[in-house]
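Numbering (my numbering), first residue to last: 9 to 472. Every residue, glycine too, gets a C-beta built ideally from N, C-alpha and C. Notes follow once the structure below has been shown.
Written as structure tokens, this is what we have:
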């Protein structure tokens, strides 16, 4: 079986590579010539565990090829996956220009039946737009070529995408014709031999499932962060609360971990797009607007806790002053616009740039919000991430200092902020940190350390 995958971003490259691993002949297409040349050499532009090895293996076997020209393979393939980007417009709606460009190219060049599979995350109604564009191009040519359009949303988690694709929870396919269903069933059967997980729906439902799933997961995260903030105010322990509600079979324990906000390529974009889709149809998504608002505020919480830490230390240093003077200092330091009174000239170390472990993706990462706040407060910022340093340099340039390793990053730092829960951060040498850091403040944005241990070691420790 021969297929083409248009778009070699995160979704497209994983999709094409995993299909080739099952013996399918795959041509991955992208207009980025430099990226395609690197892929031909086995150089993968994204970090995803296991992906580079599979790319090299299947390229060597001849099952995986890369091209900048869809026309060159269009007559040889039965199925074309469209996995191009759908970046958010200024109003939050999904930009479908790349998706429709692919449809236009297909309509201009197909000469025999082809199944067009929309793999990109797209709003409800996109399949109809794709179908219309393809048909318009066929009409311009004055030819009649049969084709089908299906929706096949992806549910890949960055950091475990290869495993997710190889052993999917479910494969959702929105299709109208039996022929399309049969082809999709044939394609995915190797991945579902142990458990048949194919879910066939109508096309609008398939398009909605992806957005609804991501919106629900984002809702759980923002809900738990809201609960965490309330727990801190009333004196409850959010970790105990999480275990208590997570043991309820109706709720479950996934995506109930409090932290410094969600990021990445899916949740922020898809929540915005679903809100906008509703607005275009005259409906107000009040819950999702709250989810987005909570997440936006949550990305600042580590910075706020850092201010609190230095306020606390400042208060301790001026105990000999009168109560009046202390009150003046506390009031001034907490006023908006006076953050630099506390943080100016401080050196702040950050562990973790990626929005989550096992990826170099920094899109909408909490680290970007925190670093921006620190720089505005005239801090010196030192950063380290096991994988995302190159992406950090691309996004941040020379605004921050890049540590050679996690200990180099904390050298002479007044405080350490943990923003991504990479495994190598879980059990650092606290004695090394005590010797290399100038200060003793640690703000844990992912709740991976034990507060009793940290206090015993002599650190000022705060967490979500």
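_Whole angstroms are fine: how far does the CA of residue 99 sit from the CA of residue 27?_
The residue you call residue 27 lines up with position 19 of the chain shown. The residue you call residue 99 lines up with position 91 of the chain shown. Those two C-alpha atoms are separated by around 35 angstroms.
*Cα-Cα, which of 197, 202, 161 is closest to residue 217?*
Locating residue 217 in the chain shown gives position 209, where the first residue counts as 1. That would be 161, whose Cα lies nearest to the Cα of residue 217.
_I need the straight-line Cα distance from residue 361 to residue 60, nearest angstrom please._
Numbered from 1 along the chain shown, position 353 holds the residue referred to as residue 361. Numbered from 1 along the chain shown, position 52 holds the residue referred to as residue 60. Approximately 22 angstroms between the Cα atoms of the pair.
_Quick check: residue 424 and residue 450, are their CB atoms within less than 8 angstroms of each other?_
As a position in the chain shown, residue 424 is number 416, starting the count at 1. As a position in the chain shown, residue 450 is number 442, starting the count at 1. Yes; because the gap between Cβ atoms is below 8 angstroms, this pair is in contact.
*Would you mind giving the Cβ-Cβ distance between residue 350 and residue 319, rounded to the nearest angstrom? I have them listed as a contact below 8 angstroms.*
Taking the chain shown and counting its residues from 1, one reaches residue 350 at position 342. Taking the chain shown and counting its residues from 1, one reaches residue 319 at position 311. Contact holds; Cβ gap of about 6 angstroms.
*Starting from residue 357, follow its DSSP beta bridges and name the residues at the other end.*
Along the chain shown, one-based indexing puts residue 357 at 349. In DSSP, residue 357 forms a bridge with 390, 424.
*In three-state terms, what does DSSP make of residue 475?*
With the chain covering 9 to 472 only, the question about residue 475 has no answer from this structure.
*Between residue 90 and residue 15, is the Cβ-Cβ spacing less than 8 angstroms?*
Along the chain shown, one-based indexing puts residue 90 at 82. Along the chain shown, one-based indexing puts residue 15 at 7. Against a cut-off of 8 angstroms, the Cβ pair of residue 15 and residue 90 comes out as a contact.
*May I have the straight-line CA-CA distance separating residue 341 from residue 322, to the nearest angstrom?*
One-based indexing of the chain shown puts residue 341 at position 333. One-based indexing of the chain shown puts residue 322 at position 314. Interpretation of residue 341 is limited by its pLDDT of 37, a score under 50 that renders its predicted location unreliable; the figure taken from the coordinates is listed afterwards. Approximately 10 angstroms, taken between the alpha carbons.
*asked:* Nearest by alpha-carbon distance to residue 211: which of 139, 284, 42 is it?
replied: The sequence position of residue 211 within the chain shown is 203, counting from 1. Closest by alpha carbon: 139.
*In this structure, does DSSP put residue 239 in helix, strand or coil?*
Residue mapping note: residue 239 aligns to position 231 of the chain shown, counting from 1. It is helical.
*With DSSP collapsed to three states, give me the class of residue 67.*
For the purposes of this step, residue 67 is taken as residue 59 along the chain shown, with counting starting at 1. DSSP places residue 67 in helix when its eight states are reduced to three.
_Out of 106, 38, 42, which one is the CA nearest neighbour of residue 75?_
Along the chain shown, read from residue 1 onward, the residue named residue 75 stands at position 67. Considering only alpha carbons, the answer is 38.
*For residue 147, I'd like the list of residues in its chain whose CB is within less than 6 angstroms of its CB, leaving aside the five on either flank, ordered along the chain.*
Numbered from 1 along the chain shown, position 139 holds the residue referred to as residue 147. Cβ neighbours of residue 147 beyond the five flanking positions: none.
*asked:* If you follow the beta strand (DSSP E) that residue 114 is in, where does it begin and where does it stop?
replied: Position 106 of the chain shown, counting from 1, holds the residue named residue 114. Here residue 114 belongs to no beta strand (DSSP E); instead the alpha helix (DSSP H) covers 105-117.
*Hey, residue 155 and residue 121: beta-carbon distance below 8 angstroms or not?*
On the chain shown, residue 155 is found 147 positions in, with the first residue counted as 1. On the chain shown, residue 121 is found 113 positions in, with the first residue counted as 1. Cβ distance < 8 angstroms, so residue 155 and residue 121 count as in contact.
*Check each candidate in 260, 203, 77 and name the one with the smallest Cα separation from residue 44.*
Indexing the chain shown from 1 puts residue 44 at position 36. Taking only the C-alpha atoms, the option nearest residue 44 is 77.
_Within the continuous beta strand (DSSP E) that includes residue 433, where are the two ends?_
Looking up residue 433 in the chain shown gives position 425. No beta strand (DSSP E) contains residue 433, which DSSP labels as neither H nor E.
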